[in-house]
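Asks:
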Amino acid sequence: MQDAFDSLYRTITHRVENPIDGSYTCYLFGKGLDKILKKVGEEAAETIIAAKNADHKQLIDEIGDLIYHVEILMAFKGVTPEEIRTELLHRAHKSGNLKPEHQTDKDT
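Take 590 as the starting number for the sequence shown in the numbering used here and just add one per residue.
1) For Val659 versus Val629, is the C-beta spacing smaller than 8 Å?
2) How far does the alpha helix (DSSP H) with Leu622 in it extend, from its first residue to its last?
3) Residues in the same chain with beta-carbon distance under 6 Å from Arg674, minus the five sequence neighbours each way, listed in chain order, please.
4) Taking the straight line between their C-alpha atoms, what separation do you get for Thr636 and His603?
5) Return the first residue and the last residue of the alpha helix (DSSP H) that Lys646 is part of.
6) What three-state label does DSSP hand Leu687 in the structure shown?
7) Buried or exposed, going by whether 16 or more other CB atoms sit within 10 Å of the CB of Ala634?
8) Determine the direct distance from the alpha carbon of Glu672 to that of His682, and round the result to whole angstroms.
9) Give me, in chain order, the residues of the same chain whose beta-carbon lies closer than 7 Å to that of Ile652; leave out the 5 immediate sequence neighbours on both sides.
10) For Ser632, does the count of other Cβ atoms within 10 angstroms reach 16, so buried, or fall short, so exposed?
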């Protein structure tokens, strides 16, 4: 996943630095943060719906779309894959971190 994640991020930043006519990435950057956030929200909702359905391929497609749009957001806000990787590794080493509000209602 690291290679695909990094490769996509590099492609996004390259596209922004070297715009191509008709590029969806450039379009999103040109529209700004509100449009990017709207797309992240839409893709998150579509991923949730796909997860409820029985179509495994659709779920994979929607997760791919969500990751792409999250990486657009990351690039727009200057967050690098390395920063996310570091945060995830930090979290992987934590244990016993169930928040008190979830200890009373484990269904949420």
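Heads up, the beta-carbon is just placed ideally off N, CA and C, and yes, glycines get one too.
Replies: On the basis of the data shown:
1) In the sequence shown, counting from the first residue as 1, residue 659 sits at position 70. In the sequence shown, counting from the first residue as 1, residue 629 sits at position 40. Yes, the pair counts as a contact, with Cβ atoms nearer than the cut-off.
2) Stepping through the sequence shown from its first residue, residue 622 is reached at position 33. Unbroken alpha helix (DSSP H) run through Leu622: Leu622 to Lys641.
3) Stepping through the sequence shown from its first residue, residue 674 is reached at position 85. So the list is empty, once near-sequence residues are dropped.
4) To locate residue 636, count along the sequence shown from 1; it is residue 47. To locate residue 603, count along the sequence shown from 1; it is residue 14. The alpha-carbon atoms of Thr636 and His603 are separated by roughly 27 Å.
5) Start at 1 with the first residue of the sequence shown, and residue 646 comes out as number 57. Its alpha helix (DSSP H) spans residues His645 to Lys666.
6) The residue labelled residue 687 in the question sits at position 98 within the sequence shown. Note: Leu687 maps to coil in three-state DSSP.
7) Position 45 of the sequence shown, counted from the first residue, corresponds to residue 634. Exposed, since its Cβ has fewer than 16 Cβ neighbours within 10 Å.
8) If you number the sequence shown from 1, residue 682 lands on position 93. If you number the sequence shown from 1, residue 672 lands on position 83. C-alpha separation (whole angstroms): 16 Å.
9) Against the sequence shown, residue 652 aligns to sequence position 63. Counting only Cβ-Cβ distances below 7 Å, and skipping sequence neighbours, we find Thr636.
10) For the purposes of this step, residue 632 is identified with residue 43 of the sequence shown, where counting begins at 1. In the sequence as presented, Ser is not what sits at residue 632; that position holds Glu. Glu632 is buried by the Cβ-count criterion.
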